[in-house]
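Residue numbers (the working numbering): 4 to 364.
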């Protein structure tokens, strides 16, 4: 079965539009709620038939809600690997749900319901992962959408809940609220001024954690960090979200200060660095993923500093996601060897910059 991307609301990537607060620094905000359906074993211990019954129950309930009434159900377990990878690249499913590593083989009943701004992963580590993913720094908007989804679905599906411990989850670290709120943030200024290690250490002291572009287990690339809460038990969702928001605003201020320092103390060096990155993207014939991410990081910094005009944050966001392997294979209509992937990525980046930012400079 081939994935028809045109069926997904906004292609599942409405969060790339470059809106929201501080879009040049914060790419997106996500709120995720872990939930399990009462009466069924946790996903990791359940049988195929149980997972399929969970999926059927959730699909039926979703059709009766306002927030998911028009959602599209994608049976992840029926997709070829490239399409599963593509959904992962769009941040719609986790690596575990997509069955993309040996530790977590693809499970029968794995699915995702995709609506506008919200989605539900079914039969991941927990039966349900309710998600809201929005553009820019918008924690309240993401929380409101996730809360509406949680309430509507929770009225129709009995969630596993304990009066003392809260929502019960497969992993104890999620028990309680079951909430993980995160922002995907771009911090080249702090990296270049070598302040990043202090900032990251400070995050951990304040009960937050950081990961790479794709969350747990992913490496930091292109100076993108995913900052999220660590604790879910003992504090309300609003308290956890408010704490994350206050800390992230402080990090955004630190990043802005680092950028001012760079312009003041190393203006010519920074200009040379970002213009070289822009020129390479416009003319390179081969690009690896890591190289493309690092070059795009430099150009994104230049746009934020207003050193390069005529280039939108949306275009940079699109390049970040659509230049990844599964997207390139979908674009080319075939599987690609390593070298073919390098060529295809460079060609795609050149074409996008030529068509969407012809006057950039």
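Idealized CB from N, CA, C, for every residue including glycine. All values reported here derive from a predicted model rather than from experimental measurement.
- Taking C-beta atoms under 8 angstroms as the contact rule, residue 109 and residue 91 fail to qualify, at a distance of about 12 angstroms.
- Bounds of the alpha helix (DSSP H) holding residue 292 are 292 to 307.
- When secondary structure is reduced to three states using DSSP, residue 168 falls in the coil class, being assigned neither helix nor strand.
- Annotation: the stretch 163 to 217 contains the following complete segments of the alpha helix (DSSP H) (minimum length 4 residues), in chain order: 191 to 195, 199 to 208.
- The beta carbon of residue 152 is closer than 6 angstroms to those of 70, 121, 133 in its chain, skipping five residues each way along the sequence.
- In the assembly as shown, residue 31 is a buried residue. Its beta-carbon has 16 or more other beta-carbons within 10 Å.
- Contact check between the stretch 166 to 177 and the stretch 28 to 47: three or more CB pairs, one atom from each, fall below 8 angstroms, which counts as touching.
- Following the DSSP letters along the chain, one finds residue 228 inside the beta strand (DSSP E) bounded by residues 227 to 232.
- Shown here for residue 315: same chain residues with a beta carbon closer than 7 angstroms to its own, the five before and five after excluded, namely 21 in chain order.
- When secondary structure is reduced to three states using DSSP, residue 246 falls in the helix class.
- Contact between residue 345 and residue 290 holds, since their C-beta atoms are separated by about 6 angstroms, short of 8 angstroms.
- Annotated as proximal: residue 307 and residue 28, with beta-carbon spacing under 9 angstroms.
- Linking residue 197 to residue 353 through their CA atoms gives a straight-line distance of about 31 angstroms.
- Measuring C-alpha to C-alpha distances from residue 243 to each of 262, 226, 184 identifies 184 as the nearest.
- In the three-state reduction of the DSSP assignment, residue 50 falls in the coil class.
- In this model, residue 284 and residue 320 are separated by some 14 angstroms (Cα to Cα).
- With respect to residue 211, residue 255 sits apart: the two C-beta atoms are not nearer than 9 angstroms.
- Residue 118 holds the alpha-carbon nearest to the alpha-carbon of residue 148 among 333, 118, 175, 166.
- Between the alpha carbons of residue 101 and residue 328 lies a distance of about 15 angstroms.
- When DSSP states are grouped into helix, strand and coil, residue 32 belongs to the strand group.
- For residue 358, the uninterrupted alpha helix (DSSP H) run begins and ends at 341 to 359, by DSSP.
- DSSP, read as helix, strand or coil, puts residue 132 in strand.
- Using a Cβ-Cβ distance cut-off of 8 angstroms, the stretch 226 to 234 and the stretch 255 to 268 are not in contact, since fewer than three pairs of beta carbons, one from each stretch, lie closer than that value.
- Here the alpha carbons of residue 17 and residue 160 stand approximately 27 angstroms from one another.
- Between the alpha carbons of residue 265 and residue 257 lies a distance of about 12 angstroms.
- No Cβ-Cβ contact shorter than 9 angstroms links residue 64 with residue 76.
- For residue 12, the closest alpha carbon among the candidates 78, 358, 74, 231 is that of 74.
- Judged by DSSP secondary structure, residue 235 falls outside any beta strand (DSSP E); it is assigned neither H nor E.
- In the three-state scheme derived from DSSP, where H, G and I count as helix and E and B as strand, residue 116 is classed as strand.
- The alpha carbon of residue 318 has as its nearest neighbour, out of 295, 355, 45, 288, the alpha carbon of 355.
- Taking a contact as a CB-CB distance under 8 angstroms, the pair residue 253 and residue 89 does not count as one, their CB atoms being some 35 angstroms apart.
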